[in-house]
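Using this note's numbering, you'd call the opening residue of the sequence shown number 2 and step up by one each time. The beta-carbon is built from N, C-alpha and C at its ideal position, and this holds for glycine as well.
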Amino acid sequence: MTDDGMAVFPADYNSSYHLILQRGTEHYAYYYFKVDKLDQRVIFYDDVERSGISIKTQITRTFMRNLVKAIDWHPVGNSIIIEIYTVHRDETKATRLACDI
């Protein structure tokens, strides 16, 4: 866990990761995400029931800077597309954000 309460570690295959955020003293939120470096895109899978808090509320410029640093990525330019799916993935219902970093 880093100073900002964020831990990132590789998941099952290339460009997919688990993210753990510390909330309070003993509460943690878990997320799964993939990175498409070619399209400058980060895809989150939001499991509110499991993590208790939506990833949407976490995404700020500081959060994205820390995330990019944690996975040792150097995006081209300063904007990343973020897509958020529910865990029971419905392709037609993604929340899409653009985030400057």
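Any chain D beta carbon closer than 8 Å to residue i
i: Leu98; result: Of the protein chains in this structure there is only one, and it is not chain D.
Residue from the options with nearest C-alpha to residue i
i: Ala12; options: Thr61, Tyr32 and Leu22; result: Tyr32
i: Gln41; options: Met65, Glu27, Ile82 and Asn15; result: Ile82
i: Leu20; options: Thr26, Ile56, Tyr14 and Asp37; result: Ile56
i: Val43; options: Ala95, Asn67 and Glu84; result: Glu84
Segment limits, beta strand (DSSP E) that includes residue i
i: Lys70; result: Here Lys70 belongs to no beta strand (DSSP E); instead the alpha helix (DSSP H) covers Arg62 to Ala71.
i: Ser80; result: Ser80 to Thr87
Neighbourhood of residue i by C-beta, 7 Å cutoff - its chain only, sequence neighbours within 5 removed
i: Gly6; result: Leu22 and Gln23
i: Met65; result: Ile81, Cys100 and Ile102
Residue range of the alpha helix (DSSP H) that includes residue i
i: Ser52; result: Val49 to Ser52
Burial state of residue i, where buried means 16 or more other Cβ atoms lie within 10 Å
i: Ser80; result: exposed
i: Ala30; result: buried
i: Val36; result: buried
Same chain only: Cβ atoms within 6 Å of residue i, ignoring 5 sequence neighbours per side
i: Val88; result: Tyr46 and Asp48
Residues of its chain near residue i, where Cβ-Cβ distance is below 8 Å and the 5 sequence neighbours each way are ignored
i: Gly78; result: Gln41
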